[in-house]
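One structure is given here, and the rest of the page talks about it.
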Amino acid sequence: MPYMDYVSGCPVAERVVEAMLPYFKHPGNPSSIHSVGLEARNAMEEARGKVASLIKADSSEIVFTSGATEANNLAIIGYAMRNKSKGKHIIVSAIEHISIINCAKFLQKNGFEVDYAPVDRYGKVKLDELENLVREDTILVSIQHANPEIGTIQDIEKVRDAIKDVTLHVDATASLGKIEVNVERLGVDMLTLSSNDIYGPRGVGALYIRKGVRVNPIILGGGQEKGLRGGTENVAAIVGFGRAAEITMEEWKSEAERLKKMRDRLIEGLLKIEDTFLNGHPTDRLPNNASVRFSYIEGESIILSLDMEGIQASTGSACTSKTLQPSHVLMAIGLKHEEAHGSVVFSLGRWNKEEDVDYVLEKLPPIIERLRMMSPLYLKKKKGGG
Amino acid sequence: MYSEKVMEHFRNPRNVGVIEDADGVGTVGNPVCGDMMTIYIKVKDDRIEDIKFQTFGCAAAIATSSMATELAKGKTLEEALKITKQTVAEALGGLPPQKMHCSNLAAEALKRAIADYLKKQGRIDELKRLGLDKLSEEEEHEEEVCEV
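Taken in order, these protein sequences are the chains called A and B.
The first sequence begins at 0 in numbering that gives the first Met the number 0 and counts up one residue at a time.
The second sequence begins at 0 in numbering that gives the first Met the number 0 and counts up one residue at a time.
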């Protein structure tokens, strides 16, 4: 029963749960000055150190949030509010996570100007166009490290060169634990991290804020997280995040190699199906991502048919979205609506085994064939002799 | 998300296929919107003797096509024309609100197949009486705008 939807959600590792258990019951509030509070604070700070080490940052540069979405909100809105006197122009890529896109739209409605950096057909940000978008009053650029839907990895060092000394935020939700994420080497000012994507618990994430970079809090409270995030810290979740970071640091390289081997075999098998195409970059892509599109059929039908065989994946088809709009990522790489409708993302993770790939490659072709035999578009194509 | 009935029709859709010598054919939707259906009918003594469909689309689109063809099979043309998106959705035990347009497409494709049949038979007066004469015009001017 292969689960291949790690991009939507990851299981929490048993080793992580074990580390968390004592803190579910622990009464300590990290802000209390007594010994019980101190226990909680120490556990939290230890976790902060582990998360910082994973990305080669200093622990004073890590702010815990409720997840990647909140970290993205803090980076975009918090930074813009704090630095609006320097300028009111920001740039985000066209294929950012929806939380970044919606923060940009919010700022647009509130007196800021936003440009969306275009990407090529593989999903790579067009660096020359990005360079041209930078203005005197540009205060912030946000470009994701890798795209969860099409797997494409951005050349962040080159992005840094293109935007010169403008503040750079990078959403590393999809890349953390899959490829190297080193804040110094990448040259970033802020970086978003998610716990669940490295098999930690949900409900926790972090924003790396380089020393000297100023942001306003977006959740106001009692001064927790150096005043950048109000609210009593979710200690158990933070401890879990720390443990997950520790495991990731030890294991990510060998795990990435293992996943890539499986993923390459999966893509190779998928592309053997007639009229099937790869989405995203052929080589600069996350080692666990296989994003493809099948012509003449629709993604939701494929996903539900796969589910009946015990295989879970996801789709960028409009038919599964709440808005009935196809994924903005697939539109930005220039796919036609009808192409986007047939897209399926298989995302692999720690619990997948080689035989899962065999199983998917056995079960999928008949599903595609069956749906195509039902499709008037396929019939038209066959009659046209194409 | 879907009722058991919808999933059952998605898993085992009735009347899938093409009738090569169909008496009437109706197509609605377009690939841009993510759903497109074609319904084929065979008519004898004004009764739908055989019916088949082809659908490109989501589970709801496939299930509604299946249900619409099942409801229409054996009915007289006038009876079949009474099948609406509500009839189809209700027969399927309901549809999520954002999927009601699929149900509409299925009812619409059926209507167009009947209209096509009457037109081919030269029964223009009936076409007008049943309000189906305008349908065909719309089809020719099918716009690439997705109905949500």
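Think of the CB as a built atom: it goes at the ideal place given N, C-alpha and C, for glycine as much as any other residue.
Find the nearest neighbour of residue i within the set the options, judged by alpha-carbon distance.
i: B/Lys81; options: B/Ile113, B/Gly33, B/Ala62 and B/Phe55; result: B/Ile113
i: A/Ser294; options: A/Glu361, A/Lys380, A/Lys210 and A/Ile302; result: A/Lys380
i: A/Lys108; options: A/Ile89, A/Ile272, A/Glu267 and A/Arg369; result: A/Ile89
i: A/Asn54; options: A/Thr166, A/Ile178, A/Gly150 and A/Gln153; result: Sequence inspection shows Ile at residue 54 of chain A; the Asn mentioned does not correspond to that position. Taking only the C-alpha atoms, the option nearest A/Ile54 is A/Ile178.
i: A/Val62; options: A/Ser193, A/Gly298 and A/Asp160; result: A/Ser193
i: A/Glu308; options: A/Asp355, A/Tyr78, A/Ile272 and A/Gly220; result: A/Asp355
i: B/Ala58; options: B/Gln85, B/Val42, B/Met0 and B/Ala90; result: B/Met0
i: A/Ala244; options: A/Gly230, A/Gly176, A/Gly202 and A/Ile162; result: A/Gly176
i: B/Glu7; options: B/Gly92, B/Met99 and B/Asp45; result: B/Gly92
i: B/Ala105; options: B/Lys74, B/Lys84 and B/Leu94; result: B/Lys84
i: A/Val234; options: A/Met43, A/Leu334 and A/Arg14; result: A/Met43
i: A/Lys335; options: B/Arg13, B/Ile40 and B/Val31; result: B/Val31
i: A/Pro200; options: A/Ala161, A/His144, A/Ser65 and A/Gly220; result: A/Ser65
i: A/Ile149; options: A/Glu361, A/His96 and A/Lys87; result: A/His96
i: A/Pro10; options: A/Ile197, A/Asn181 and A/Leu258; result: A/Ile197
i: B/Arg46; options: B/Asp34, B/Ile61 and B/Lys72; result: B/Lys72
i: A/Ile138; options: A/Phe111, A/Ala56 and A/Glu250; result: A/Phe111
Sorry if obvious, but does the Cβ on residue i come closer than 7 Å to a heavy atom of the ligand NAD?
i: A/Gly341; result: The ligand NAD is absent from the structure shown, which contains no ligand whatsoever.
Which residues bound the beta strand (DSSP E) around residue i?
i: B/Arg46; result: Arg46 to Phe55
i: A/Phe111; result: Element bounds for A/Phe111: n/a, residue is neither H nor E.
i: B/Lys189; result: An answer regarding residue 189 of chain B cannot be provided, because it is not within the stretch 0 to 147 covered by chain B.
i: A/Val328; result: Note, A/Val328: premise wrong, no beta strand (DSSP E); alpha helix (DSSP H) at His327 to Ala331.
i: A/Leu139; result: Thr137 to Ser141
i: A/Arg292; result: Asn288 to Phe293
i: B/Val24; result: Gly23 to Asn29
i: B/Thr63; result: B/Thr63 -> not in any beta strand (DSSP E); alpha helix (DSSP H) instead, spanning Ala58 to Ala71.
Quick one: give me the first and last residue of the alpha helix (DSSP H) that residue i is part of.
i: A/Gly36; result: Ser34 to Leu53
i: A/Arg369; result: Glu353 to Met373
i: A/Ser304; result: Gly298 to Met307
i: A/Leu258; result: Val234 to Leu269
i: A/Leu386; result: It is not possible to answer for residue 386 of chain A, since the shown part of chain A is limited to 0 through 385.
i: A/Ile28; result: Residue 28 of chain A is actually Asn in this sequence, not Ile. Looking at the DSSP string, A/Asn28 is not in any alpha helix (DSSP H), and its letter there is neither H nor E.
i: A/Thr275; result: Looking at the DSSP string, A/Thr275 is not in any alpha helix (DSSP H); the run it does join, the beta strand (DSSP E), is Thr275 to Leu277.
i: B/Val5; result: Glu3 to Arg10
i: A/Ser84; result: Where A/Ser84 is concerned, there is no enclosing alpha helix (DSSP H), given that its DSSP letter is neither H nor E.
i: A/Val182; result: Val182 to Leu185
i: A/Val169; result: Segment Thr166 to Asp170 is the beta strand (DSSP E) holding A/Val169; no alpha helix (DSSP H) there.
Check whether the Cβ atoms of residue i and residue j lie closer than 8 Å to each other.
i: A/Asp119; j: A/Ser141; result: no
i: A/Ala116; j: A/Ile75; result: no
i: B/Lys110; j: B/Leu131; result: yes
i: A/Ser326; j: A/Ser290; result: no
i: B/Val15; j: B/Lys51; result: yes
i: A/Ser30; j: A/Gln324; result: no
i: A/Ser98; j: A/Asn72; result: yes
i: B/Asp115; j: B/Gly28; result: no
i: A/Gly186; j: A/Arg228; result: no
i: A/Met189; j: B/Pro12; result: no
i: A/Ile296; j: A/Leu219; result: no
i: A/Ser346; j: A/Val113; result: no
i: A/Ile301; j: A/Lys362; result: no
i: A/Gly27; j: A/Val214; result: no
On the premise that residue j lies in contact with residue i, defined as a C-beta separation below 8 Å, what is that separation, rounded to the nearest angstrom?
i: B/Thr37; j: A/Pro375; result: 5 Å
i: A/Ser304; j: A/Ile366; result: 4 Å
i: A/Ile100; j: A/Gly122; result: The Cβ separation is near 15 Å, so there is no contact.
i: A/Asn195; j: A/Gly8; result: 7 Å
i: A/Gly204; j: A/Thr191; result: 7 Å
Kindly indicate if chain D contains any beta-carbon less than 8 Å away from that of residue i.
i: A/Leu329; result: Checking the listed chains, one finds no chain D in this structure; the protein chains it contains are A and B.
*Take every Cβ of the region 265-283 of chain A, pair it with every Cβ of the region 65-84 of chain A, and state whether three or more of those distances are shorter than 8 Å.*
Not touching, per the Cβ criterion.
*Would you be able to state if there are at least three C-beta pairs under 8 Å between the region 228-240 of chain A and the region 5-23 of chain A?*
Output reads yes: the region 228-240 of chain A touches the region 5-23 of chain A.
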